[in-house]
Amino acid sequence: MAEADSSDRIARARRLLAHADSVAVLTGAGISAESGVPTFRGSGGLWSRQRMEDVATPAGFARDPVKVWRFHNELRIELERIAPNAAHLALARLERAVLGRGGRFALATQNIDGLHQAAGSRGVLELHGSLTAVRCTGCDYREDVGFRPLGPRPTCPDCGKWLRPDVVWFGETLGPDVWAAAVRAARSCQVFLSVGTSALVYPAAGLIEIALSEGPGRGRRHLETSAGTIEVNLEPTPASGKVDVALHGRAGHILPQIVA
Ligand code: OAD
C-alpha cells in the first residue's frame, strides 16, 4: 500500500469510527501478538509447534488429558506476565467513546487471553471461552481459577471427574448466547471492525460475512459515508478484498490512529 493511499484509508476509517452510533468488533490472535502472545497460524504460530488435533480437540483430551492440561496450563501461566498493548487500549477507548455518545458497542473476540478485559473493555463476548476458566466434564461445576497453579490432573471438587479448560476446541459448538449476541451486533452495527484475525476459522470468521451481507456492508450501504466495514491485519486475508477499508500493518500502530 502506498503511503498516501494508506493515510487516506486511515482517515476514512477514523471518520467512520468517529461518528458511528453502533460499532461491532471482531478480534483474533493478531491483536495480542504485540503483547507477546503467539498467534496460531504462520511461522512461529502455536500450530507450527504443536499438533492442534492433540491439544485443542475433544478427541485429543480423551486420548491424553495430561498433555492437553500441560499445554493449557503453560499458556495460562504465561498470561500472568503479559499486559494489554496499544491496540487493546484503543478498543477500550473506542467503547467508552461510543457508549458515551449513547451508542451501542460490541466486542467479540476469538482470544482466550483476557487482555481486552485487562485493557478496560466491558461486556466482551468471548467466543472461544477463557483460558483462566475451568469446567467439569461430569457436572455443572465452573470456576475462574486465574493464574493459580492447577497440577497435572485437575479434578472437580464436587464430583471428582476431570476438569477441563473452559475454552472452545475444534469441533465444539460456541456458547449459544455469546454467539447470538455477536451475530446480532454484526447485523445491526453501523461500522464493523475486524482486527488481527486470519478470518479462516468458522463460525467466528462468519461474523465478517454477516456484516458484509446483512450488516453495514450490505447493498449500497457502503456508498454512505457513515456505514462501513474495516479490517486491520498484518497481512491480507480472505476478507481484505471485500471490506470497505483494509488496513495492513500492526494493530498496535494502526488502531490508535483510527481511534482518534
Ligand atoms: P491466526 O493465528 O489464524 O491469525 C492471526 C492473524 O493476525 C494473522 O492473519 C496475522 O497476519 C495477524 N497478525 C499478526 N500479528 C499482528 C499484529 N501485530 N497486528 C495485526 N495483525 C497481526 O489467529 P485467529 O484468526 O485468531 O481457535 O485464529 C482463529 C482461531 O483459530 C483461534 O481462536 C483458535 C485458532 O485455532 C481455537 O483454538 C478454537
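First residue of the sequence shown? That's -14 in the numbering used here, and the numbers climb one at a time after it. Cβ atoms here follow ideal geometry from the backbone N, Cα and C, with glycine treated the same way. Small disclaimer: the values here were computed from a predicted structure and weren't measured.
For the pair of segments examined, the stretch 36 to 46 was found not to touch the stretch 66 to 75: the number of CB pairs separated by less than 8 Å stays below three. In chain order, Ser7 place their CB closer than 6 Å to the CB of Arg89, counting only its own chain and leaving out the 5 sequence neighbours on each side. In the structure shown, Asn218 adopts extended strand secondary structure according to DSSP, grouped into three states.
The beta carbon of Ala224 sits closer than 7 Å to those of Ser179, Ala184, Ile193, Glu216, all from its chain and outside the five residues before and after it, given in chain order.
Nearest to Ser211 by C-alpha distance, out of Val230, His101, Thr222, Pro221, is Val230. In the three-state reduction of the DSSP assignment, Ala236 falls in the helix class. Sixteen is the threshold: since fewer than 16 other Cβ atoms of the shown chains lie within 10 Å of the Cβ of His238, the residue is exposed.
Separation of Gly181 and Gly136 (C-alpha to C-alpha, rounded to the nearest whole angstrom) is 32 Å. Counting along the chain, Glu128 sits inside the beta strand (DSSP E) bounded by residues 127 to 129. A straight-line Cα-Cα distance of about 10 Å links Ala196 and Val10. Closest in C-alpha terms to Gly200, from the list Gly131, Ala(-4), Cys174, comes Cys174. DSSP, reduced to helix, strand and coil, places Trp32 within a helical segment of the structure shown.
Annotated three-state conformation of Trp154 is coil, per DSSP. For His73, the shortest separation between its Cβ and any heavy atom of the ligand OAD does not lie below 6 Å. In the structure shown, the three-state DSSP call for Glu111 is strand. Around the beta-carbon of Asp(-7), fewer than 16 other beta-carbon atoms lie within 10 Å, marking it exposed. The three-state secondary structure of Gly213, taken from DSSP, is strand. A Cβ-Cβ separation of about 7 Å places Val119 in contact with Arg149 under the 8 Å criterion.
Using a 10 angstroms sphere on the CB of Asp151, the tally of other CB atoms reaches 16 or more, which defines it as buried.
Taking all protein chains shown into account, Arg55 has fewer than 16 neighbouring C-beta atoms within 10 Å of its C-beta and is therefore exposed. Relative to the ligand OAD, the nearest heavy atom lies less than 6 Å away from the CB of Ser183.
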